[in-house]
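K.L.:
Chains as they are written, first to last, in our numbering: chain E, 4 to 89; chain H, 42 to 696.
We put the CB at the ideal spot given by N, CA and C, even for glycine.
Remember, predicted model here, so these are calculated numbers, not experimental data.
Quick look at the structure:
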């Protein structure tokens, strides 16, 4: 169990990509992601095929490779948010 | 045109929609006005909705639905033996269960379109939240969310980058620019003494935060009190008190839906009725309507207070129970409120010791004379950065110039974090429509430990509102604008000059200037080449030091805001504890009139440890010098003794 305040990293990324849906799909394929669709604007929701679902450390390699793409201006590996139904 | 009551078998038991004792949400009277949610689209952001439920199927809207968890358009919940994922389906039925189909009961807006986003049943991330909150914003009118960070009394959590952006995009671009409407369940952490101000979703200015009442009008055991709650609906929670009837998973019907989860969708349904009555309402109009029409009657709590504009408001209920008939009636004739102004005032930017009690009072002019001037308040935020060894021991209060006291944070005994607050914008709705000019007071108080310590490093007051009390029923405002009183209009049909006997006030003419404004006659040269000038009677804002005035200068005060008194000789308002005053130079026109004695007390008490330290040091030094002197004296004596001993083998000792 992660300690209080410790981040739990998922296998998903939020990515800002210029060039539209096609470009997002191309980059997703190139880096072994599945494009889970547009969040809003130029932000896309990617899920990696091989990165473990939950981890206490971020996956730097995947992140850096994705960030190296000229069309990617921002990317963030997503962390788990603890949410409760009310 | 002829109203007929729904014939659904459970309708008679839906006590919260209509009740002969009038302890209800007055929904039947709203239906009688001809609104049932037709043409309005609501989406439930939760664990999915059972789209083939017989009581939802006819109103189901695939364009208001999505499965963010699996990335497909089907929001059907995942079925488990314990029916863990029934939440969204229950909420959906409250909004839009179909009427007159012999199944279960009815939704508040039984002709509205209903969809669901499956986003809670899986890993929730910033991207998942943002994608849900911004699903199809030109199609979906209202998003209803009955979830949030843990209500454990120790969590402080709010939307991260993308979700925050989603709210902002929603209110600025959604519904063709009128703004998406986000309805939020205020929180179930009552037993843990949680505060909904520590939940960044309910505490957001972009959400309508809805709390609960039991059937008999009491505060439910799970209810959280906080100043960001706007209004309340029934959802019970008390023993032997009836709960909410709605659709349930596996095509069933339940009469035991409860919690704040049961409150938010009822509110979403009522808001859908108001939106059908007037499709031009903006997201802010809706909040104005809720504030004006919610009803405190029948709700029991000991914290009802009357705010500066005469409205009763409570930390448990906000402005009271939503009244469907009243909000629909007011919505029909509502004129959009003016553009939102945002006045940001940095009131503390240097560290201040909190100690056991810190009080900071500042006089503000709400950006008077600037384009972002706020004279009629909507939300107010106190954005704080502070450290404290035990966060849960703190209570924080904000008092408006009209004397409305909001509890921004009550003590949270389970919150033992030492993280403090980092740029946390505590929000209050309690001063809605008040004039924010005058003295604001922030109080930080230690509720428990004697040895607690911490520092306030930043206090920014953010005032949202309008530059006038614009907006309202289209027939209203007659007190401000008198028909036929305008002499000259510009090309945009905005009045630029009034007939004799009237004063120009904002975009209209008034016979008397409202409180806080002075009648002034300004002259202007209508044509550049002509010498004779034209006199324009106009209402201008009083100086920030005055409450009412005869002119716009600081020496024209007729009365003063609280904590100031009028000097009858100079006609100026003097602060009771004024110790310093910054020059009004620099065009800011913001007089920062001193720090109250509370701060002095606080600073005084905060200097005590330093004094103690200095005295201790002095005592140690004196002791050291004394001991040193004593040893010196003794060694001299011994030296003398040994120097006389000349026997072999004698030892020479020195100090």
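With respect to the beta strand (DSSP E) encompassing residue 446 of chain H, which residues constitute its N-terminal and C-terminal limits?
P.N.:
First-last of the beta strand (DSSP E) with residue 446 of chain H: 446-450.
K.L.:
Might you give, ordered along the chain, the residues of its own chain that have their beta carbon closer than 6 Å to the beta carbon of residue 187 of chain H, omitting 5 neighbours on each side?
P.N.:
The answer, listed in chain order, is 132, 226, 302, 305.
K.L.:
Grab the span of the alpha helix (DSSP H) containing residue 167 of chain H for me, first residue to last.
P.N.:
Residues 167-174.
K.L.:
What's the call for residue 562 of chain H, buried or exposed, on a 16-neighbour Cβ count within 10 Å?
P.N.:
Per the 10 Å Cβ criterion, exposed.
K.L.:
What runs of the beta strand (DSSP E), each 3 residues or longer, lie entirely inside the stretch 390-425 of chain H?
P.N.:
List check, beta strand (DSSP E) in window: 398-405.
K.L.:
Note down, in chain order, each residue of its chain lying with its Cβ closer than 6 Å to the Cβ of residue 275 of chain H, except the 5 sequence neighbours on either side.
P.N.:
Hits under 6 Å: 57, 254.
K.L.:
Cutting at 7 Å between CB atoms, please list the residues of its own chain near residue 594 of chain H, excluding the five before and the five after it.
P.N.:
Answer for residue 594 of chain H: 584, listed in chain order.
K.L.:
Output yes or no for whether 8 Å exceeds the beta carbon distance between residue 238 of chain H and residue 449 of chain H.
P.N.:
Contact: yes.
K.L.:
Do the stretch 220-235 of chain H and the stretch 335-355 of chain H make contact, defined as three or more Cβ pairs closer than 8 Å?
P.N.:
With the cut-off at 8 Å, the stretch 220-235 of chain H and the stretch 335-355 of chain H do not touch.
K.L.:
Would you list the residues sitting across from residue 466 of chain H in a DSSP beta bridge?
P.N.:
The partner list for residue 466 of chain H (beta bridge, DSSP) reads H:424.
K.L.:
Do you know offhand how far residue 271 of chain H's Cα is from residue 240 of chain H's?
P.N.:
Answer to the nearest angstrom: the Cα atoms are 14 Å apart.
K.L.:
For a contact defined as C-beta to C-beta under 8 Å, what are the partners of residue 228 of chain H on chain E?
P.N.:
Those within 8 Å of residue 228 of chain H in chain E are 89.
K.L.:
Against chain H, which members of the stretch 37-70 of chain E pass a CB distance test of less than 7 Å?
P.N.:
For the stretch 37-70 of chain E, which is checked against every Cβ of chain H, the residues closer than 7 Å are 39, 40, 42, 43, 46, 48.
K.L.:
Can you find a C-beta in chain E that's less than 8 Å from the C-beta of residue 301 of chain H?
P.N.:
So, interface residue.
K.L.:
Comparing C-alpha positions only, which one of H:464, H:506, H:173 sits nearest to residue 414 of chain H?
P.N.:
Checking every option, the nearest Cα to that of residue 414 of chain H belongs to H:506.
K.L.:
The beta strand (DSSP E) with residue 132 of chain H in it runs from where to where?
P.N.:
Segment 128-137 is the alpha helix (DSSP H) holding residue 132 of chain H; no beta strand (DSSP E) there.
K.L.:
Of all Cβ atoms in chain E, is any one closer than 8 Å to the Cβ of residue 628 of chain H?
P.N.:
In this prediction, residue 628 of chain H scores a pLDDT of 29, lower than 50, which makes its location untrustworthy; the coordinate-derived value is nonetheless stated afterwards. It does not: the Cβ of residue 628 of chain H has no partner Cβ on chain E nearer than 8 Å.
K.L.:
Which one of H:317, H:125, H:141 has the shortest CA to CA distance from residue 45 of chain H?
P.N.:
When only C-alpha atoms are compared, the closest one is H:141.
K.L.:
Do residue 430 of chain H and residue 459 of chain H count as a contact pair if the criterion is CB distance below 8 Å?
P.N.:
A contact, by the Cβ cut-off of 8 Å.
K.L.:
Anything in chain E within Cβ reach of residue 104 of chain H, meaning under 9 Å, just list it in chain order.
P.N.:
None at all; the shortest Cβ gap to chain E is about 15 Å.
K.L.:
Anything in chain H within Cβ reach of residue 82 of chain E, meaning under 7 Å, just list it in chain order.
P.N.:
Within 7 Å Cβ-Cβ: 166.
K.L.:
Taking all protein chains shown into account, decide if residue 316 of chain H is buried (16 or more other Cβ within 10 angstroms of its Cβ) or exposed.
P.N.:
Buried, because 16 or more other Cβ atoms sit within 10 Å of the Cβ of residue 316 of chain H.
K.L.:
Which residue marks the beginning of the alpha helix (DSSP H) containing residue 312 of chain H, and which one marks its end?
P.N.:
Unbroken alpha helix (DSSP H) run through residue 312 of chain H: 301-318.
K.L.:
In chain order, what residues of the same chain lie with their CB nearer than 7 Å to the CB of residue 615 of chain H, ignoring the 5 residues before and after it?
P.N.:
The answer, listed in chain order, is 605, 606, 608.
K.L.:
How many whole angstroms separate the CB atoms of residue 265 of chain H and residue 231 of chain H, which I take to be in contact at a CB cut-off of 8 Å?
P.N.:
The Cβ separation is near 5 Å, so the contact holds.
K.L.:
Against residue 15 of chain E, what residues of chain H qualify as contacts under a CB-to-CB distance less than 7 Å, listed in chain order?
P.N.:
Here the neighbours are 166, 168.
K.L.:
Using C-beta distances below 7 Å, list every residue in its chain close to residue 80 of chain H, excluding the 5 sequence neighbours before and after it, in chain order.
P.N.:
Closer than 7 Å at the Cβ level, and outside the excluded window around residue 80 of chain H, lie 317.
K.L.:
Which class does residue 38 of chain E belong to by DSSP, given the choice of helix, strand or coil?
P.N.:
Three-state result, residue 38 of chain E: strand.
K.L.:
Between the stretch 194-210 of chain H and the stretch 164-171 of chain H, are three or more C-beta pairs nearer than 8 Å?
P.N.:
The stretch 194-210 of chain H is in contact with the stretch 164-171 of chain H.
K.L.:
Establish whether the CB of residue 86 of chain E and some CB of chain H are separated by less than 8 Å.
P.N.:
So, interface residue.
K.L.:
Look at the alpha carbon of residue 236 of chain H and the alpha carbon of residue 424 of chain H, and state the distance between them as a whole number of angstroms.
P.N.:
If you take the alpha carbons of residue 236 of chain H and residue 424 of chain H, they lie about 16 Å apart.
K.L.:
When you compare only the Cα positions, how much space is there between residue 655 of chain H and residue 451 of chain H?
P.N.:
Their Cα atoms are separated by approximately 36 Å.
K.L.:
Taking the beta strand (DSSP E) that residue 334 of chain H belongs to, which residues open and close that run?
P.N.:
Note, residue 334 of chain H: premise wrong, no beta strand (DSSP E); alpha helix (DSSP H) at 324-334.
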